[in-house]
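Participant: Supplied in C-alpha cells, the structure appears directly below.
Protein chains: 2
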Amino acid sequence: MVTKNKKMKMMTLDQMKDKDIGKIGTVERDKYEFELRMEVLGDMIKSVRKERNLTQEQLGELIGVQKSQISKLERNTKNVTIETILKVFKALKANVRFSVEMNESEFKVA
Amino acid sequence: MVTKNKKMKMMTLDQMKDKDIGKIGTVERDKYEFELRMEVLGDMIKSVRKERNLTQEQLGELIGVQKSQISKLERNTKNVTIETILKVFKALKANVRFSVEMNESEFKVA
DNA sequence: TCGTAAGTTTCCATATAATTCAACTTTTTG
DNA sequence: CAAAAAGTTGAATTATATGGAAACTTACGA
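So the protein lines, in turn, are chains G and S.
With the working numbering, letter number 16 in the first sequence gets 16, and the count goes up by one each step, no holes.
Convert by adding 110 to the 1-based position in the second sequence; the result is the number in the working numbering.
Shown next as C-alpha cells:
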C-alpha cells in the first residue's frame with residue numbers, strides 16, 4: 001500500500017509538472033506582496049455556512065465538534081492547520097484550492 | 111528535474127483515485143485525499159526550492175530553522191499550519207493562494 | 001572509492017492548535 | 001416583552017505541530 005501510494009504520488013507529481021510547470025527560466029521576483037488574513041478565512045467559513053443555511057451547532061454536528069469550536073474558527077485570529085480547513089469546507093461541500101505561483105507559472109497543489 | 115516530453119500512458123488523477131483507492135465518500139478515499147494534498151504540498155515546497163537552487167539547509171537559514179525541519183515539511187510527516195506554509199513560500203518568493211469555491215461562486219480568501 | 005555535501009530520521013522538548021464545558025450575551029420570534 | 005435559539009467567551013485539557021540536536025543514510029564529485 002505504501003509502495004503503491006508512493007508510485008501513484010510520483011505519477012501525479014509528474015503529471016502536474018509536465019502539465020503545469022514546463023520549464024522555468026531564470027531569476028524572477030514576486031509580483032505583489034501577499035498576506036493571508038486569518039479573519040478572512042473565518043469570514044469565509046461563516047459565509048459558506050450561512051449560504052448552506054446551517055447554524056454553528058449544525059455545522060459542528062457535521063464535523064463532530066461543539067458549536068463553540070465553530071464560533072472560534074469563524075472569529076479566530078489564530079493560526080489554523082490545513083486539516084481543519086479541509087474538514088470544515090468539506091462538511092460545507094465547498095472546494096478548497098491551494099496554489100503556489102512563481103512568475104507566470106502556477107502550480108496547482110490541490 | 112522537470113521531465114519534458116515524457117510520453118507515458120497514465121490515467122488521470124481522478125481515474126487513478128477511483129480505481130485504486132475507492133469511490134468518493136469512503137473513508138479510505140477521504141483519507142487519501144487529505145494525504146495526497148499534504149504530500150503534494152511537500153512536493154511543491156521541494157519543487158520550488160529546487161527551482162530556486164537552494165539546499166534544504168539554505169532554505170532553513172532563510173526561514174530560521176534547521177534543515178531537518180525542511181526535510182520534514184517536504185516529506186510531510188505532519189499536518190501543517192497556514193503560517194508555516196506562508197513562511198516557507200514567502201522565503202521562496204512564491205505566491206500562495208487559498209480559495210474556496212462552492213457551485214458557481216468563488217470566494218477568494220487571499 | 002573516499003570524502004563531503006545534502007537529505008533523512010529519531011528522540012525529545014516546547015508551543016500552540018483543537019477541543020469541551022458551561023456560563024454568558026446577543027439575536028430571533030411568538 | 002419573555003422565552004428560545006444562536007452565538008460568544010474563558011478556563012482547562014488534550015493532541016499535535018514546530019523545532020533542535022545529532023546520528024544516520026544517500027548522492028555525488030574528485
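Using N, Cα and C, we set each Cβ at its ideal position, and we do this for glycine too.
For the putative contact between Asn189 (chain S) and Ile82 (chain G), defined by C-beta atoms under 8 angstroms, what is the C-beta separation to the nearest angstrom?
Facilitator: Position 79 of the second sequence, counted from the first residue, corresponds to residue 189 (chain S). Position 82 of the first sequence, counted from the first residue, corresponds to residue 82 (chain G). Asn189 (chain S) to Ile82 (chain G), Cβ: 6 angstroms. Contact.
Participant: The alpha helix (DSSP H) with Arg97 (chain G) in it runs from where to where?
Facilitator: In the first sequence, the residue the question calls residue 97 (chain G) occupies position 97. First-last for Arg97 (chain G): 95-102, but that is the beta strand (DSSP E), not the alpha helix (DSSP H).
Participant: Let me know the alpha helix (DSSP H) ranges lying completely inside the segment 147-186 of chain S, each 4 residues or longer, listed in chain order.
Facilitator: For the segment 147-186 of chain S, the full-length alpha helix (DSSP H) segments reaching 4 residues or more read 166-173, 177-185 along the chain.
Participant: Say whether chain S places a C-beta atom closer than 7 angstroms to the C-beta of Thr26 (chain G).
Facilitator: Translated into positions along the first sequence, residue 26 (chain G) becomes position 26. Annotation note: pLDDT 22 at Thr26 (chain G) (below 50); position unreliable, no value reported.
Participant: Measure the CB-CB distance between Val48 (chain G) and Ala94 (chain G) and report whether it falls below 7 angstroms.
Facilitator: Here residue 48 (chain G) refers to the residue found at position 48 of the first sequence. Here residue 94 (chain G) refers to the residue found at position 94 of the first sequence. Yes, they are a contact pair.
Participant: Given Phe89 (chain G), which residues of its chain have a CB within under 6 angstroms of its CB, disregarding the five upstream and five downstream residues?
Facilitator: The count along the first sequence starts at 1 and reaches residue 89 (chain G) at position 89. Taken in chain order, the residues that qualify are Val96.
Participant: With 7 angstroms set as the bound, which would you pick, yes or no: does the beta-carbon of Thr191 (chain S) sit closer than that to a beta-carbon of chain G?
Facilitator: Reading the second sequence from its first residue, position 81 is the one you call residue 191 (chain S). Yes, because at least one Cβ of chain G sits closer than 7 angstroms to the Cβ of Thr191 (chain S).
Participant: Taking C-beta pairs closer than 8 angstroms, name the residues in chain S that Glu51 (chain G) reaches, listed in chain order.
Facilitator: The residue labelled residue 51 (chain G) in the question sits at position 51 within the first sequence. Result: Met212.
Participant: Looking only at its own chain, which residues have a Cβ that is under 7 angstroms from the Cβ of Gln58 (chain G), when we skip the five neighbours before and after it?
Facilitator: Along the first sequence, read from residue 1 onward, the residue named residue 58 (chain G) stands at position 58. Excluding residues within five positions, none has a Cβ falling inside 7 angstroms.
Participant: With a threshold of 16 other CB atoms inside 10 Å of the CB of Thr165 (chain S), please say whether the residue is buried or exposed.
Facilitator: If you number the second sequence from 1, residue 165 (chain S) lands on position 55. Looking at its Cβ environment, which holds fewer than 16 other Cβ atoms inside 10 Å, Thr165 (chain S) is exposed.
Participant: Measuring straight from C-alpha to C-alpha, what distance separates Asp153 (chain S) and Glu184 (chain S)?
Facilitator: Residue 153 (chain S) sits at position 43 when you count from the first residue of the second sequence. Residue 184 (chain S) sits at position 74 when you count from the first residue of the second sequence. In a straight line, the C-alpha of Asp153 (chain S) is about 6 angstroms away from that of Glu184 (chain S).
Participant: Rank S:Val150, S:Ser209, S:Thr194, S:Glu161 by C-alpha distance to the C-alpha of Gly174 (chain S) and give the top, closest one.
Facilitator: Reading the second sequence from its first residue, position 64 is the one you call residue 174 (chain S). Of S:Val150, S:Ser209, S:Thr194, S:Glu161, the residue nearest in Cα terms is S:Thr194.
Participant: Can you give the beta carbon distance from Met102 (chain G) to Glu171 (chain S), rounded, assuming they're within the 8 angstroms contact cut?
Facilitator: Walking along the first sequence from the start, residue 102 (chain G) turns up at place 102. Walking along the second sequence from the start, residue 171 (chain S) turns up at place 61. About 20 angstroms separates the two Cβ atoms, so there is no contact after all.
Participant: Over the uninterrupted alpha helix (DSSP H) stretch that includes Thr81 (chain G), give me the two end residues.
Facilitator: Looking up residue 81 (chain G) in the first sequence gives position 81. Thr81 (chain G) -> no alpha helix (DSSP H), and no H or E assigned at all.
Participant: So, does the CB of Ala91 (chain G) fall closer than 7 angstroms to a CB anywhere in chain S?
Facilitator: Here residue 91 (chain G) refers to the residue found at position 91 when the first sequence is read from its first residue. It does not; no Cβ of chain S falls within 7 angstroms.
Participant: Can you find a C-beta in chain G that's less than 7 angstroms from the C-beta of Ser181 (chain S)?
Facilitator: Looking up residue 181 (chain S) in the second sequence gives position 71. Cβ-Cβ to chain G under 7 angstroms: no for Ser181 (chain S).
Participant: Identify whether Leu196 (chain S) lies in helix, strand or coil by the three-state DSSP scheme.
Facilitator: Position 86 of the second sequence holds residue 196 (chain S). The DSSP-derived three-state label of Leu196 (chain S) is helix.
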